[in-house]
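Those letters in the sequence shown? Residues 14 to 220, by the numbering used here. Only one structure is covered here, and it is reproduced in the block below.
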Amino acid sequence: MEKTFEKRIRFIGIQGSYGRGEAGAESDIDMVLILDVLTMDDLKAYRKSVAAMELSHLVCGFLCGVKELAAWGKSDLFHLYFDTVPLWGKLDDLVPPPSSEDARDAVSKGLCEIYHGACHNIIFDRDPLILQSLYKGLFFVLRAKYFWEHGQWKHCKNDLTRVVTEKEVSLLNRTEKRFCVEDLEAETEALLSWVSETMIQINENNS
14 MEKTFEKRIR
24 FIGIQGSYGR
34 GEAGAESDID
44 MVLILDVLTM
54 DDLKAYRKSV
64 AAMELSHLVC
74 GFLCGVKELA
84 AWGKSDLFHL
94 YFDTVPLWGK
104 LDDLVPPPSS
114 EDARDAVSKG
124 LCEIYHGACH
134 NIIFDRDPLI
144 LQSLYKGLFF
154 VLRAKYFWEH
164 GQWKHCKNDL
174 TRVVTEKEVS
184 LLNRTEKRFC
194 VEDLEAETEA
204 LLSWVSETMI
214 QINENNS
């Protein structure tokens with residue numbers, strides 16, 4: 014990245030399982046690159062640089078210009094800020110630290126996305142892989158929820174399982190499970206039950 018973009022780099026980081034030290038052989042490599050500005054030529058240059066990497070087939074991630082990053086949605090910035098391990102530069106130089114309200118918004122948005130995705134999947138797609146991705150998304154919601162409630166960030170799954178409820182631990186343990194078609198209805202019901210209960214509770218607490 015330094016060879017390709019030189020002095021235009023404002024931040025480089027890594028997210029996801031590699032950032033948490035939980036990566037397996039086929040885990041995605043979630044890179045974050047923030048440039049002074051981002052153009053179509055930059056996207057082409059980035060694609061070329063990634064293609065030259067040994068594990069290019071695993072690389073994904075987030076690219077952005079500085080001004081676009083400052084205008085990004087607060088709930089998404091919450092996850093970006095806390096989930097990204099810096100390799101070059103500091104995110105604090107580009108965006109303010111997220112607030113408790115940002116965390117609450119991240120929780121609400123994540124719950125709504127999981128709720129809608131689970132309902133849509135059980136009716137239309139009936140795809141175990143979609144259900145698996147929804148359970149993985151639950152991990153991010155639970156981290157944001159714990160931060161919102163306690164002001165503490167739990168970066169790794171093992172740390173989170175030590176502090177959440179028994180029911181939430183049970184759901185977290187499903188995030189690595191490979192579902193089959195026969196699992197769909199029971200596992201979707203378990204997910205929807207907690208998501209619905211939590212959505213209603215948050216709404217009532219804010220009323």
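C-beta atoms are modelled at their ideal positions from N, C-alpha and C, and glycine is treated no differently.
CA-to-CA distance, residue j to residue i, given in whole angstroms
i       : j       : result
Leu-82  : Leu-51  : 11 Å
Met-44  : Asp-106 : 18 Å
Asp-89  : Glu-210 : 23 Å
Val-63  : Asp-118 : 33 Å
Lys-87  : Gly-37  : 30 Å
Trp-207 : Arg-33  : 25 Å
Asn-171 : Arg-187 : 13 Å
Leu-76  : Trp-85  : 12 Å
Ala-131 : Cys-193 : 15 Å
Asp-41  : Arg-60  : 16 Å
Val-182 : Val-176 : 9 Å
Ile-143 : Thr-178 : 25 Å
Glu-198 : Gln-145 : 13 Å
Ser-30  : Leu-46  : 17 Å
Leu-124 : Trp-101 : 32 Å
Glu-200 : Asn-219 : 29 Å
Ser-69  : Gly-78  : 22 Å
Ile-136 : Lys-190 : 21 Å
Phe-91  : Asp-55  : 25 Å
Lys-57  : Lys-16  : 14 Å
Beta strand (DSSP E) segment containing residue i, residue limits
i       : result
Phe-192 : Unbroken run through Phe-192: none, as it is neither H nor E.
Phe-75  : 72–78
Gln-28  : 22–28
Met-44  : 42–48
Val-63  : Here Val-63 belongs to no beta strand (DSSP E); instead the alpha helix (DSSP H) covers 53–64.
Candidates the options: closest to residue i by CA position
i       : options                               : result
Glu-195 : Leu-155, Leu-185, Asp-140 and Leu-147 : Asp-140
Phe-95  : Leu-124, Lys-57, Trp-207 and Cys-169  : Cys-169
Gln-28  : Glu-67, Val-98, Ile-135 and Asp-138   : Val-98
Ile-25  : Leu-104, Asp-41 and Ala-58            : Leu-104
Glu-39  : Glu-15, Val-72 and Arg-21             : Val-72
Val-120 : Met-53, Met-14, Ile-213 and Glu-189   : Ile-213
Contacting residues, own chain, Cβ-Cβ under 6 Å from residue i (five flanking each side not counted)
i      : result
Met-66 : none
Residues near residue i in its chain [Cβ-Cβ closer than 8 Å; skip 5 each side]
i       : result
Leu-173 : Phe-152, Leu-155, Arg-156, Tyr-159, Lys-167 and Leu-185
Leu-147 : Ile-127, Gly-130, Ala-131, Asn-134 and Leu-204
Lys-149 : Thr-188
Pro-110 : Tyr-94
Gly-164 : Ser-113
Cβ shell of residue i (< 7 Å), same chain only, five flanking positions each side left out
i       : result
Phe-18  : Leu-48
Met-14  : Ile-22, Ile-25, Leu-46 and Ser-62
Lys-122 : Ser-88
Trp-161 : Ser-113, Ala-116, Arg-117 and Val-120
Span of the alpha helix (DSSP H) around residue i
i       : result
Val-182 : 179–186
Val-120 : 113–133
Leu-90  : 87–96
Glu-15  : 15–18
Residue i: CB within 7 Å of a non-hydrogen atom of the ligand ADP
i      : result
Asp-49 : The ligand ADP is not among the ligands present in this structure, which contains no ligands whatsoever.
Entirely enclosed alpha helix (DSSP H) segments - the segment 137–172, minimum 4 residues:
141–163
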